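Counting from 1, position 26 in the sequence shown corresponds to residue 27 in the numbering used here; the numbering is continuous, with no gaps.
Glycine is no exception: its CB is placed at the ideal position from the N, C-alpha and C atoms.
Bear in mind the structure is a predicted one, so any value in this text is a computation, not a measurement.
Everything below concerns the one structure shown next.
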Amino acid sequence: MTVAQSILLTLQGLVFLAWAFMMFRTLFLFRRRNAEQSRAMFPGVGAFLRQAKYWLTSAEDQRDRRLLLALTLALFAFNFPAFLKAQ
């Protein structure tokens, strides 16, 4: 493995860790909001979808949405050369 490949793999790992952190943070945010609104132990799929809709449209979550989108696009960009090479 060359130095460039090692650096790329390290960067890809860091981007993935940041992406995973943001995804879990978002899921736990959904859970917390559901618990505050419904007071149910297991609110269900409908409550999750309502929280997802709220998260996608609310101004207070705009920064997190943009960061998660940027991290997702970065993951795709890191993997795109490998996809082209496999063709």
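Residue i - containing alpha helix (DSSP H), residue span
i   : result
S7  : 4-39
A60 : Run containing A60: none; DSSP gives neither H nor E here.
Own chain, CB closer than 6 Å to residue i, minus 5 neighbours either side, in chain order
i   : result
L69 : M23
Exposure of residue i, with buried meaning 16 or more beta-carbon neighbours within 10 Å
i   : result
L15 : exposed
L50 : exposed
Among the options, nearest to residue i - alpha-carbon criterion
i   : options         : result
Q52 : F79, R34, T73   : R34
D62 : R26, M2, Q38    : R26
L76 : V4, A5, L9, G45 : L9
Own chain partners of residue i with C-beta closer than 8 Å, once the 5 adjacent residues on each side are dropped
i   : result
W72 : Checking the sequence, you will find Leu at residue 72 rather than Trp. Closer than 8 Å at Cβ, skipping near neighbours: V16, A19, W20, M23.
Cβ neighbours of residue i in the same chain (closer than 7 Å, five flanking residues each side left out)
i   : result
L12 : none
message: Below 8 Å, how does it come out for the stretch 49-61 and the stretch 24-31: are there three or more Cβ pairs, yes or no?
response: yes
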